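Chains as they are written, first to last, in the numbering used here: chain A, 2 to 382; chain B, 2 to 382.
Heads up, the beta-carbon is just placed ideally off N, CA and C, and yes, glycines get one too.
Please read all numbers here as calculations on a predicted model, not as lab measurements.
Take a look at the structure below.
2 protein chains.
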Amino acid sequence: MKITDIKVRSFSHMSRQNNDSDGHSHPCDPRQVRQSMLTIVTDDGTEGHCFAPSEVVRPHLINGFARDVLLGEDPYDREKLWQGLAHWQRGGNGQLSDRTLAVVELALWDLTGRKLGILVYKLIGAYRNKVLAYGSTMCGDEVFGGLSSPEDYARYAEVLVKRGYKAIKLHTWMKPVSFAPDPRMDVKACAAVRVAVGADFPLMLDAYHGYSRSKALWLGLELQKLGYTWFEEMMNEASMSSYVWLAENLTMPIIGPETADGKFHTCAEWIKSGACDITRTGVRDIGGIGPSMKIIHLAGASGMNCEVHGSGPGNLTLCAAQKNGTWVERGLLHPFIEYDEVPEYLNAQADAMDADGYVHMPQIPGLGDDINFDYIDNNLV
Amino acid sequence: MKITDIKVRSFSHMSRQNNDSDGHSHPCDPRQVRQSMLTIVTDDGTEGHCFAPSEVVRPHLINGFARDVLLGEDPYDREKLWQGLAHWQRGGNGQLSDRTLAVVELALWDLTGRKLGILVYKLIGAYRNKVLAYGSTMCGDEVFGGLSSPEDYARYAEVLVKRGYKAIKLHTWMKPVSFAPDPRMDVKACAAVRVAVGADFPLMLDAYHGYSRSKALWLGLELQKLGYTWFEEMMNEASMSSYVWLAENLTMPIIGPETADGKFHTCAEWIKSGACDITRTGVRDIGGIGPSMKIIHLAGASGMNCEVHGSGPGNLTLCAAQKNGTWVERGLLHPFIEYDEVPEYLNAQADAMDADGYVHMPQIPGLGDDINFDYIDNNLV
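Right, here's the structure in full:
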């Protein structure tokens with residue numbers, strides 16, 4: 002079996018989300034947005050797919066790198082093809098990001114699963130068939146009744162508990178919110194949610210990503226008192242030493258790295274240095290499922306959990322294949338967004354959650370997305 | 002698909018090898034020996050196989066652990082089943098060794114490959130389709146014309162080079178050889194082989210496993226002068242600090258751990274501590290392909306190679322799936338043994354090597370063993 006083509010289809014669909022000037026998503030009025038799907042095709046007609054933001058699969062990336070490395074190759078040679086692509090990232094030439102790497106790698110997994118008639122998490126070697134979700138809120142805003150105050154977070158946490166969530170992670174206020182960043186506001190929101198959900202409910206905080214060491218420590222000491230489960234990316238991850246320092250000064254778990262460059266190499270340094278108590282990986286952050294499993298294994302070998310970052314079938318696959326992790330991230334959630342609504346380009350939600358807070362693994366061969374191909378072909382842009 | 006049965010067939014076959022009082026194999030007159038094959042069966046009739054020494058698949062191990070953990074389960078849930086078995090190793094109860102774990106795990110991989118009609122190294126995600134072999138000699142002996150002197154080793158190295166080998170590893174003299182262990186004899190053999198094969202030919206030494214620090218250092222300094230590629234298990238691996246000390250005192254690469262208990266956890270500590278320059282794993286040493294890939298990934302994340310220990314289709318699978326390793330081990334070899342002879346219970350050699358020193362991946366779905374089922378069924382014991 003040889004790869005004969007790589008196609009990108011861009012299509013429009015309705016969205017109720019928009020990004021602010023710092024890149025954080027918030028609710029908005031319904032609008033048409035553009036989305037892309039990358040498809041790898043083999044000589045026997047098998048196809049593998051992965052959705053992607055259009056900028057991640059721009060023509061110069063697909064024609065200049067992906068086609069050069071993949072065409073004529075066996076799609077089962079994933080390690081060879083991934084290394085072949087990653088090689089081109091050196092020096093940042095051509096902006097071949099880990100996100101583009103991830104889209105190509107996920108499409109290869111999807112193709113393999115579809116060809117063999119099996120779900121990818123079973124290919125890897127499954128650990129579980131359902132995963133407990135944590136509800137992950139959008140970043141705070143200044144919209145009345147949204148996520149504009151500690152009281153808004155507390156009220157919404159009660160809604161999430163009723164929906165079935167057994168854990169909640171707050172993203173608090175970031176720039177360009179007028180009063181952000183402010184660790185005192187973070188603590189007020191975290192405290193209000195703690196009161197709303199009770200003492201034993203698992204809560205996590207993903208705060209502003211650029212606090213100083215002293216602000217991060219102050220915030221962490223307050224979170225410890227509130228019994229939070231983890232403290233995430235509160236400082237620039239490029240400074241690993243800051244995380245080592247913070248971990249030495251807090252007893253509560255610090256999770257990371259998530260956005261730091263360097264893939265599994267960086268994670269190995271964090272583990273060696275004691276910069277984190279829980280590691281993190283996500284398929285979009287470090288170039289796919291294969292490299293993410295490497296991080297999960299790195300963590301397990303040192304007795305650490307690795308909690309997976311982000312939603313989507315690739316990340317859900319990681320969660321179902323790992324022993325050393327508890328949750329799948331579900332979201333981002335907001336009072337004004339109906340997360341359980343199925344997007345027009347899918348026939349079913351990829352991470353449907355039951356009333357007990359479990360996401361069950363889908364049953365479609367490949368990564369598990371039940372794709373509405375007719376919708377996509379009828380809405381090409 | 003559910004696992005419905007686990008069977009062990011024991012059969013006799015002709016062997017020309019025997020173990021000495023310390024467990025090292027040497028040539029002997031042809032004799033009938035006993036070998037076993039474990040088979041996992043599912044409700045749709047799919048079977049997965051793995052050969053094993055009979056003591057590794059004794060009835061109390063298979064009935065007491067493997068059947069309890071596996072029966073009724075999905076064979077694709079490898080991580081769950083492996084963790085379920087490994088859990089029972091705690092405290093050493095029942096002698097459930099990593100070797101038994103490995104046999105069960107390899108049979109699960111073989112079953113998956115046979116069910117899906119694909120080779121296991123392609124399931125994992127291949128990096129290469131052929132692997133350079135190193136010829137790995139048996140331990141030294143006291144048999145004239147065998148491996149009884151530095152001259153014997155040198156003469157045999159020339160034979161191996163003519164056969165196509167592009168690298169050779171010496172196992173030198175161990176107990177109960179009358180003059181062993183002796184680092185001066187090791188150096189004489191290593192020097193004679195260096196002269197025989199020339200200055201640039203890759204050579205490795207796997208010496209007596211219980212040298213003191215000072216003898217190990219003396220031997221290592223001599224190996225450095227001789228330009229050896231790696232120095233393997235020259236001290237008891239239970240003392241990681243001894244390896245850290247030796248690595249600080251030598252510039253040549255030290256490889257390990259191989260026989261130390263603790264699987265990937267131990268390997269993570271060796272990497273963190275600087276106890277080795279190259280890591281090592283083998284499917285039989287740490288419980289299968291899955292845990293071995295974890296070690297390969299651990300090593301890669303820290304910029305280290307992991308060279309695979311041992312022969313057989315499981316170890317060859319690791320080599321074909323990894324970027325961060327150079328060789329597959331082929332042997333054990335001895336002037337009096339025809340290694341390229343196909344055993345009676347196989348239809349083809351699993352690690353056939355071409356004249357350029359490459360082992361090519363087999364093309365049988367599963368792990369790649371072309372099993373002679375008729376021979377096995379006709380020679381049951």
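Between B:His310 and B:Asp341, the gap from beta carbon to beta carbon reaches 8 Å or more. Taking a beta-carbon distance threshold of 8 Å, A:Ile279 does not count as an interface residue toward chain B.
Of the other Cβ atoms in all chains shown, 16 or more fall within 10 Å of the Cβ of B:Ala351; this residue is therefore buried. Close to chain A, meaning a Cβ-Cβ distance shorter than 8 Å, are the following residues of the segment 320-333 of chain B: Ala322, Gln323, Lys324. At a beta-carbon threshold of 8 Å, the residues of chain B lying near A:Ile119 are Tyr77, Leu117, ordered along the chain. B:Leu227 places its beta carbon 8 Å or farther from that of B:Asp187. With distances taken between CA atoms, A:Met235 lies nearest to A:Gly257 out of A:Gly257, A:Glu345, A:Thr252. Apart from sequence neighbours up to five positions away, the residues of its chain that approach A:His361 with a beta-carbon distance below 6 Å are Lys131, ordered along the chain. The alpha-carbon of A:Asp44 is positioned some 6 Å away from that of A:Lys3. A direct Cα-Cα distance of roughly 34 Å separates B:Gly315 from B:Glu223. For A:Gln350, no beta strand (DSSP E) run applies, since DSSP gives it neither H nor E. By alpha-carbon distance to A:Tyr244, the top candidate from A:Val105, A:Thr280, A:Arg185 is A:Thr280. The beta strand (DSSP E) runs of length 3 or more contained entirely in the segment 42-90 of chain B are, from start to end of the chain, 48-53. Neighbours of B:Ala269 across chain A, judged by C-beta separation under 7 Å: Ala302, Ser303.
Look at A:His210: its C-beta is not under 8 Å from any C-beta on chain B.
Under the 8 Å criterion on CB atoms, A:Glu223 is classed as non-interfacial with respect to chain B. Neighbours of B:Glu80 across chain A, judged by C-beta separation under 7 Å: Gly126, Ala127, Tyr128, Ala322, Lys324. Assigned with DSSP and collapsed to three states, A:Ile287 falls in helix.
Pairing B:Asn325 with A:Tyr346, the inter-Cα distance amounts to about 40 Å. Under a criterion of Cβ atoms nearer than 7 Å, the residues of chain A adjacent to B:Lys273 are, in order, Lys273. A:Leu227: not part of any alpha helix (DSSP H); DSSP gives it neither H nor E.
A residue is called buried when at least 16 other Cβ atoms come within 10 angstroms of its Cβ; A:His27 meets this threshold and is buried. DSSP, read as helix, strand or coil, puts A:Gln96 in helix. If you ignore the 5 residues before and after A:Val160, its C-beta comes within less than 8 Å of the C-beta of Pro336, all in its own chain and listed in chain order.
Taking C-beta atoms as the reference points, A:Lys116 and A:Thr5 fail to come closer than 8 Å. A:Gln36 is the residue among A:Pro31, A:Gln36, A:Asn20 whose C-alpha sits nearest the C-alpha of A:Leu381. Between A:Val284 and A:Ser293, the C-beta spacing is below 8 Å. Ranked by how close their Cα comes to the Cα of A:His210, the residues A:Ile290, A:Pro182, A:Lys8 have A:Pro182 in first place. Per DSSP, B:Asp207 is one residue of the beta strand (DSSP E) stretching across 204-207. Distance between B:Val104 and B:Gly288, taken at the CA atoms: about 8 Å.
When DSSP reads this structure, B:Ser37 sits in a beta bridge with B:Ser11, B:Ala53.
For A:Gly332, the enclosing beta strand (DSSP E) covers residues 328-334.
Scanning A:Ile297, A:Ala353, A:His25, A:Met354 for the CA closest to the CA of A:Gly141 turns up A:His25. For B:Phe265, the neighbours in chain A by C-beta distance under 8 Å run, in chain order, His298, Gly301, Ala302. The contact set of B:Gln84 on chain A, defined by CB atoms closer than 8 Å, consists of Tyr128, Lys324 in chain order. Residues Met38 of the same chain have their beta carbon placed closer than 6 Å to that of B:Phe52, with the five preceding and five following residues left out of the count.
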